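Order-wise, the sequence lines are chains A and B. For the first sequence, the positions run 3 to 416 when the working numbering is used. For the second sequence, the positions run 3 to 416 when the working numbering is used. For reference, the structure discussed in these notes is given below.
2 protein chains.
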Amino acid sequence: MVRTVSSDRLRERFEAFNEIGTTERGGVNRPSLSDANRRARDTLVEWFEAAGLGVTVDELGNIFGRRSGRNDDRSPVLVGSHVDSQYNGGRYDGVVGVLGGLEVVETLNDAGIETERPIEVVAWSNEEGVRFQPDMLGSGAFAGKFDADFAYDLTDKAGNRFGDELERIGYRGDAPCEPRDLHCYLELHVEQGPKLADAGHSVGVVEGVYGFVWLDAAFEGTADHAGPTPMHQRHDALVATGDVVEAVRRIAGTGGDDLVGTVGSVDVSPNAINVIPERVDFTVDFRSYDDGTVERAAEKVRKEIAHAADREGVDWECEAVMRIESQSFDDDLVETVAGAADDLDAEYTRLVSGAGHDASYLNRVCPTAMVFVPSVDGVSHTEAEFTEWDDVVTGTNVLLNAVLAEAGGAADAA
Amino acid sequence: MVRTVSSDRLRERFEAFNEIGTTERGGVNRPSLSDANRRARDTLVEWFEAAGLGVTVDELGNIFGRRSGRNDDRSPVLVGSHVDSQYNGGRYDGVVGVLGGLEVVETLNDAGIETERPIEVVAWSNEEGVRFQPDMLGSGAFAGKFDADFAYDLTDKAGNRFGDELERIGYRGDAPCEPRDLHCYLELHVEQGPKLADAGHSVGVVEGVYGFVWLDAAFEGTADHAGPTPMHQRHDALVATGDVVEAVRRIAGTGGDDLVGTVGSVDVSPNAINVIPERVDFTVDFRSYDDGTVERAAEKVRKEIAHAADREGVDWECEAVMRIESQSFDDDLVETVAGAADDLDAEYTRLVSGAGHDASYLNRVCPTAMVFVPSVDGVSHTEAEFTEWDDVVTGTNVLLNAVLAEAGGAADAA
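This is the structure we're talking about:
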């Protein structure tokens, strides 16, 4: 039978949770390991314990709440997401998946349902990566991509160590952060793109995640006075950068049907109205579901950078600082999610995520899939981020029924 | 007869002066009304008084040192420049003209020369405009472009008022800052461009100063996630800016034989590797000796900004925050400078200054001209700024003999 969560309880929790670190413009500011992030974690642990979950914090600060199964030795069904935010970010990103996971457990508790497998709800550390890079640090470490010492030594712009800050907020746990036997991982998340909203669908059945490359690049020319320096004697780092901004747009437009490319960050030095830019540091982000497309785009832009530098007579640097292969989720688990949506008569779109998620790393550990709910106007990572509440509830219902299908044994109790 | 200054005394003063606010990389950091700027002013006043000059400080903090003439009622010959610096700027910019003026007086004192007209040496306030905008504030107010209350209410980035800071460092004088009867103004300055160094000449005879326009512009689009947002749904403020950076280069390349154009400052928001730029604030600087060329360039780039905004689907703003007409210096005074260089057998280039100078404003008050000395590699506004000492001395000798020619009566005493 199809079960449904309590919209009111979920809503009440959602609103109360987002009182923590709330901003004037209606967003939240809870970057990783901040005081607001600590208060969010404390609230979550309190609610986990009130729901009867056994709480474990691992050495990276990942928080697990465990509901025993009828056969507690069987590998658990893991659900969750993250509760750290962007600086002045939105209220839905990450929160929907963690509170949705908790709501699944509460619904089972209310209905007195015992599942065959244990169910765990997780909040991963440092998903956003705005204070400490790389992003998806907690899930990456869990998947064996990073070790704890690597994470501890990361520093924010103020020079604070991840390890020290984790200790400071009281979430440097004892449990090892390493791969373990999981039956599957299911993550509910906002889409952060426009596809579901454009289609008018409440749910996205996510079949995989784009691969991406992040490049840190720079041009270095000569800082001359903008007046007396003739055009033909200039070595302007910004003119070279302008070429690359245009090239990234052109490469993205022709390099593959799903390729996207962005120059997101540009820092000009000395950045004065009457001085020719001496140095520009900038970033390039390319993403596609096809890893070869990403590789070719990175190769093309490297050539464009070298060519722009040659034309302008400036030096250049370009380094790949992050490269994540695309991930195809488990076919059977994706069909479980689609089946749950069908059972609920929820209209859904099958899609691939352009954004990275903790699920990308979990996919290396166990069968993984995701449930998306729409982002109005495709907006995320800003305070204007918004999802219609009915869609949050529908997505949580899909999560609940997918969890029940995977955890097994629910029919007995129903 | 041709007279020459004391290279040793000038050098000693130059080195001692540049001990004030010196930086690790060999430049100086004495921005307007800073503590270092105060110490530089104190030193200058001390040296002025030791040279027998009568010191007056006006309400804008401009410092005048007056040497009486035989006929003290006649209008004075004014020489000078400025002693404020860029943040981490060079040791020559401004300083050469003020200490050169003082050296002219010391040379006359040593030789016991009385001139017909009085001679005044001036250090203008806030020429650089890096801490308080607009630049050339002291000379502009002297020429009647700004009044004192306008200047007092200007604030730096920290919110400190110009008037309060001037008071704080003890240089808010009583004398009114307003146009008065001057026989002429002569300013010795480093070229800040490559022409003299390219020509291998020690001196530049400056016939005028480029006009310029400064534009503050911005694009505002939408800050979406760099992954899930398809290329055709983007409104990327940086892509539009890239178009304008290229357009400025193109306009400068074709808009007139002396037109130069620069985008010097770019600020991207939110400036994150994985977020499509929502807003970019940037500046445009166009200069030419022909004011119509500057106007046409500004009009062209405004069209390019509107077109780039339309193509990308973003909003735009563009405002002219500064517009200075080109200045042609007084023909007779320019020939006095050229004659002084001829008499000294100094090789010189006749040229027009691409950089703005206090002389641009003084040209509205009285006959004005400038003497340039070369900037090695054309470099200025950085700690690497350098002029060969022999060239500084040659330029000061040209200044001395031009001053003698204008102040009159020196032959009697010689």
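Note that CB positions come from ideal geometry on N, CA and C, so glycine has one too. Computed from a prediction, not measured in an experiment: that's the story for all the values here.
Beta-carbon of residue i versus every beta-carbon of chain B: anything under 8 Å?
| i | result |
| --- | --- |
| residue 329 of chain A | no |
| residue 307 of chain A | no |
| residue 372 of chain A | no |
| residue 361 of chain A | no |
| residue 3 of chain A | no |
| residue 251 of chain A | yes |
| residue 278 of chain A | yes |
| residue 229 of chain A | yes |
| residue 294 of chain A | no |
| residue 193 of chain A | yes |
| residue 335 of chain A | no |
| residue 381 of chain A | yes |
| residue 389 of chain A | no |
| residue 18 of chain A | no |
| residue 225 of chain A | yes |
| residue 262 of chain A | yes |
| residue 401 of chain A | no |
| residue 136 of chain A | no |
Output the boundary residues of the beta strand (DSSP E) element that contains residue i.
| i | result |
| --- | --- |
| residue 206 of chain A | 205-211 |
| residue 36 of chain A | Residue 36 of chain A -> no beta strand (DSSP E), and no H or E assigned at all. |
| residue 55 of chain B | Premise fails: residue 55 of chain B is in no beta strand (DSSP E) and is neither H nor E. |
| residue 422 of chain A | Within the shown structure, residues of chain A are numbered from 3 to 416, placing residue 422 of chain A beyond reach of any answer. |
| residue 16 of chain A | Looking at the DSSP string, residue 16 of chain A is not in any beta strand (DSSP E); the run it does join, the alpha helix (DSSP H), is 9-19. |
| residue 67 of chain A | 65-69 |
| residue 192 of chain B | 186-192 |
Is residue i close to chain A, meaning its C-beta is less than 8 Å from at least one C-beta of that chain?
| i | result |
| --- | --- |
| residue 212 of chain B | yes |
| residue 156 of chain B | no |
| residue 289 of chain B | yes |
| residue 273 of chain B | yes |
| residue 216 of chain B | yes |
| residue 28 of chain B | no |
| residue 266 of chain B | yes |
| residue 248 of chain B | yes |
| residue 384 of chain B | yes |
| residue 166 of chain B | no |
Who are the Cβ neighbours of residue i in its own chain at under 6 Å, not counting the five residues just before and after it?
| i | result |
| --- | --- |
| residue 196 of chain B | 380 |
| residue 214 of chain B | 289 and 326 |
| residue 420 of chain B | Residue numbering for chain B in the displayed model covers 3 to 416; residue 420 of chain B lies beyond these limits and cannot be assessed. |
| residue 72 of chain A | 116, 118 and 411 |
Which residues in the same chain as residue i place their Cβ atom closer than 8 Å to its Cβ, once the five residues preceding and following it in sequence are excluded?
| i | result |
| --- | --- |
| residue 76 of chain A | 118, 119, 120 and 185 |
| residue 383 of chain A | 88, 91, 92, 95 and 194 |
| residue 81 of chain A | 99, 102, 103, 106, 121, 122, 123, 124, 187, 188, 189, 190, 401 and 405 |
| residue 266 of chain A | 285 and 287 |
With a CB to CB cut of under 7 Å and the five nearest residues on each side skipped, what residues in its chain are close to residue i?
| i | result |
| --- | --- |
| residue 414 of chain A | Only weak support exists for where residue 414 of chain A lies, its pLDDT of 47 falling under 50; the coordinates are left without a value. |
| residue 200 of chain A | none |
| residue 107 of chain A | 53, 55, 69, 121 and 123 |
| residue 270 of chain A | 240, 279 and 282 |
| residue 158 of chain B | 133 and 134 |
| residue 260 of chain B | 290 and 291 |
| residue 4 of chain A | 345, 346 and 403 |
| residue 310 of chain A | 242, 245 and 246 |
With a cut-off of 8 Å on the beta carbons, I'd call residue i and residue j a contact; round off their distance for me.
| i | j | result |
| --- | --- | --- |
| residue 175 of chain B | residue 102 of chain B | Contact doesn't hold; Cβ gap of about 23 Å is too wide. |
| residue 263 of chain B | residue 286 of chain B | 7 Å |
| residue 7 of chain B | residue 296 of chain B | No, residue 7 of chain B and residue 296 of chain B are not in contact; Cβ-Cβ is about 38 Å, not under 8 Å. |
| residue 129 of chain A | residue 86 of chain A | 6 Å |
| residue 405 of chain B | residue 188 of chain B | 6 Å |
| residue 58 of chain B | residue 385 of chain B | Not quite, the Cβ-Cβ distance comes to about 33 Å (not below 8 Å), so this is no contact. |
| residue 205 of chain A | residue 397 of chain A | 6 Å |
| residue 314 of chain A | residue 238 of chain A | 6 Å |
Tell me which residue opens and which closes the alpha helix (DSSP H) that residue i is part of.
| i | result |
| --- | --- |
| residue 30 of chain B | Note, residue 30 of chain B: premise wrong, no alpha helix (DSSP H); not H, not E. |
| residue 125 of chain B | Segment 121-126 is the beta strand (DSSP E) holding residue 125 of chain B; no alpha helix (DSSP H) there. |
| residue 77 of chain B | Segment: none, residue 77 of chain B is in no alpha helix (DSSP H) and carries neither H nor E. |
| residue 197 of chain B | 197-201 |
| residue 143 of chain A | 139-144 |
| residue 104 of chain B | 97-113 |
Which runs of the alpha helix (DSSP H) spanning at least 4 residues fall entirely within the segment 205-287 of chain B, listed in chain order?
239-256
Entirely within the segment 301-365 of chain A and at least 4 residues each: give me those alpha helix (DSSP H) ranges in chain order.
333-345 and 360-364
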